[in-house]
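Chains E and W, in that order, give the protein sequences. When the letters of the first sequence are read in order and numbered with my numbering, they come out as residues 899 to 1009. When the letters of the second sequence are read in order and numbered with my numbering, they come out as residues 13 to 124. Cβ atoms here follow ideal geometry from the backbone N, Cα and C, with glycine treated the same way.
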Amino acid sequence: GQNIDQPTEMTATEGAIVQINCTYQTSGFNGLFWYQQHAGEAPTFLSYNVLDGLEEKGRFSSFLSRSKGYSYLLLKELQMKDSASYLCAVRGVDSNYQLIWGAGTKLIIKP
Amino acid sequence: NAGVTQTPKFRILKIGQSMTLQCTQDMNHNYMYWYRQDPGMGLKLIYYSVGAGITDKGEVPNGYNVSRSTTEDFPLRLELAAPSQTSVYFCASIQGGSETQYFGPGTRLLVL
């Protein structure tokens, strides 16, 4: 079957660093995505990994290990506005660009 | 560009009623998707379309229908609404070869 797992909720302190993990088991792989979703809003694209390694984009970085079926999203210098859900999604091969979505990790930032 | 727009933003339906959720994109994207998101859950694919005149079922299509007569529009039809269809519905689109799905603001539907 196809499965994407990520923690349900995490708490971190403003100014700190947090790592959100995602593990996946899918039939075929053509990229892993991270989206941010603030409460009551639509998801917005954060990052895309298709090769192993780390992709850095400002305060956010995303890592992929295809052999381990594992990714993480690293958020540095946390700000209160980073309080949101972070959704991990995988694109399969010949998938018509469909994504298989994890349930999301709700990140709570405390002052 | 307005991107992906959805109407209405919020709707209350009685059991057995029907309605159409509208979705329009002005980016000339060929791929479009309808998702539902229940509280604390990820996105579940209802239907998708790879171009005008072509639609296909996703993971949870029962109780829904779609059409794609133009590139821009991808309406979702609910027939005989049921409480289990209470959810937030998102429409999304992507251009083939691109990485990013663009989402509409969502329609919050309550079936009582």
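Original post:
What residues are listed by DSSP as bridge partners for M44/W?
Top reply: S61/W, S105/W
Original post:
I think S945/E touches S960/E, with their Cβ atoms under 8 Å apart; what is that distance to the nearest whole Å?
Top reply: 4 Å
Original post:
Are any of the Cβ atoms in chain E nearer than 8 Å to that of F115/W?
Top reply: yes
**OP:** Tell me, please, which residues DSSP counts as bridged to Q934/E.
**Re:** DSSP lists T942/E, Y984/E as partners of Q934/E.
**OP:** Check whether the Cβ atoms of M44/W and R89/W lie closer than 8 Å to each other.
**Re:** Against a cut-off of 8 Å, the Cβ pair of R89/W and M44/W comes out as no contact.
Original post:
My guess is that N42/W and G108/W are in contact by the Cβ rule of under 8 Å, so how many angstroms apart are they, rounded?
Top reply: 6 Å
Original post:
Run through DSSP, which three-state label would M1008/E get?
Top reply: Checking the sequence shown, residue 1008/E turns out to be Lys, not Met. DSSP places K1008/E in strand when its eight states are reduced to three.
Original post:
Between D950/E and S963/E, what straight-line distance do the alpha-carbon atoms span, to the nearest angstrom?
Top reply: When rounded, the distance between both Cα atoms is 5 Å.
Original post:
Do I915/E and Q904/E come within 8 Å of each other at the CB atom, strictly closer than that value?
Top reply: no
Original post:
Quick one, which of E84/W, T112/W, G52/W has its alpha-carbon nearest A64/W's?
Top reply: E84/W
Original post:
What is the DSSP secondary structure of K26/W, counted as helix, strand or coil?
Top reply: coil
**OP:** Within the same chain, show all residues whose beta-carbon is closer than 6 Å to that of E907/E, passing over the 5 residues directly before and after it, in chain order.
**Re:** K1004
**OP:** Determine, using beta carbons only, whether Y59/W and N994/E come nearer to each other than 8 Å.
**Re:** no
**OP:** For the region 27 to 40 of chain W and the region 973 to 990 of chain E, state whether three or more C-beta atom pairs, one from each stretch, are separated by less than 8 Å.
**Re:** no
Subject >> Chain-ordered neighbours of Q923/E on chain C, where CB pairs are closer than 8 Å >> reply: Absent here is chain C; the protein component of the structure consists of chains E and W.
Subject >> Cross-chain neighbours of T112/W in chain E, by beta carbon under 7 Å >> reply: F943
**OP:** Would you kindly report the start and end of the unbroken beta strand (DSSP E) that includes T909/E?
**Re:** 907 to 911
Subject >> Local Cβ density within 10 Å of H68/W, reported as buried at 16 or more and exposed below that >> reply: According to the sequence provided, residue 68/W is Asp. The question's His does not apply to it. Per the 10 Å Cβ criterion, exposed.
**OP:** Grab me the residues of G967/E's own chain with a C-beta within less than 7 Å of its C-beta, minus the 5 sequence neighbours each way, in chain order.
**Re:** Excluding its 5 nearest sequence neighbours in each direction, G967/E has C-beta neighbours in its own chain below 7 Å: T921, Y922, Q923, listed in chain order.
Subject >> CB contact flag (G926/E, N947/E, <8 Å) >> reply: no
**OP:** Would you kindly check if the distance between the Cβ of A94/W and the Cβ of V123/W is under 8 Å?
**Re:** yes
**OP:** Check whether the Cβ atoms of P87/W and Q49/W sit closer than 8 Å, and answer yes or no.
**Re:** No.
Original post:
Can a CB atom of chain W be found closer than 8 Å to the CB of W999/E?
Top reply: With 8 Å as the cut-off, W999/E counts as an interface residue toward chain W.
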